[in-house]
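Undergrad: The structure's right below; bear with me while I get my questions together.
Residue numbers (my numbering): -12 to 175.
Take a look at the structure:
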């Protein structure tokens, strides 16, 4: 007669497979990104064209989220006027995106390359870096965001495939200009 022996884990039961811990870890990472950032971007296109643009990016959270999915608002606009948006009209000069965190998913009110809602799968590389994988319309997008130097900087790399062909590689060096402001009201 065989006796089944269950695997032994060194982690306490609360830490094993707990969505609460996952949500807390991801929430903490997202909250470290709150504030105003200057985003110095380089876009590499398949025809060897390289364009540069500096954007401002504000990441905010909403108040009263203790029992609900954490929600964030990302607002962006150019630091000054560039012909980038005339040369590449697919890219939006300024905009607002609301996003909610649901387990391993980030649900966005709009995609970067389309105006319709999207979902991104999230993987955490370590305590400082998240990886987002998005698939919408004809696009597959892989985005890495790493917080650097006590969260004073962010390094972002984004790769976008269209119908299986790499169409765009982006490198963003982001500098924190302001810390997080007060949370937005829930109905903002």
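Just so you know, even glycine gets a beta-carbon here, dropped at the ideal spot from N, CA and C. Since the model is a prediction, treat every value here as computed from it, not as a measurement.
Measuring alpha carbon to alpha carbon, tell me which residue in 66, 57, 47 is nearest residue 27.
TA: On the chain shown, position 40 is the one that residue 27 refers to. Closest by alpha carbon: 66.
Undergrad: Can you tell which of 32, 40, 21 has its C-alpha closest to the C-alpha of residue 159?
TA: Locating residue 159 in the chain shown gives position 172, counting from the first residue. Looking at the Cα atoms, 40 is the closest of the given residues.
Undergrad: Which same chain residues, not among the five before or five after residue 5, have their C-beta less than 8 angstroms away from its C-beta?
TA: Sequence index remark: in the chain shown, residue 5 carries index 18 (1-based). Any answer about residue 5 is weak, because its pLDDT of 42 lies below 50 and its placement is not dependable; what the coordinates show is given next. Closer than 8 angstroms at the Cβ level, and outside the excluded window around residue 5, lies no residue.
Undergrad: So which of 35, 119, 69, 90 has the shortest CA-CA distance to residue 80?
TA: Taking the chain shown and counting its residues from 1, one reaches residue 80 at position 93. Closest by alpha carbon: 69.
Undergrad: In whole angstroms, what separates the C-alpha of residue 88 from that of residue 170?
TA: The residue labelled residue 88 in the question sits at position 101 within the chain shown. The residue labelled residue 170 in the question sits at position 183 within the chain shown. Each residue's alpha carbon lies about 16 angstroms from the other.
Undergrad: List, from N- to C-terminal side, the alpha helix (DSSP H) runs of 4 residues or more that fit wholly inside the stretch 31 to 87.
TA: If we require 4 residues or more, the alpha helix (DSSP H) runs fully inside the stretch 31 to 87 come out as 71 to 74.
Undergrad: Quick one: what does DSSP say residue 23 is sitting in, helix, strand or coil?
TA: The count along the chain shown starts at 1 and reaches residue 23 at position 36. In the structure shown, residue 23 sits in a strand (DSSP, three-state: E or B).
Undergrad: From which residue to which residue does the beta strand (DSSP E) around residue 122 run?
TA: One-based indexing of the chain shown puts residue 122 at position 135. Start and end: 116 to 123.
Undergrad: When the Cα atoms are used, what is the spatial distance from residue 54 to residue 11?
TA: Counting from 1 along the chain shown, the entry for residue 54 is found at position 67. Counting from 1 along the chain shown, the entry for residue 11 is found at position 24. The alpha-carbon atoms of residue 54 and residue 11 are separated by roughly 12 angstroms.
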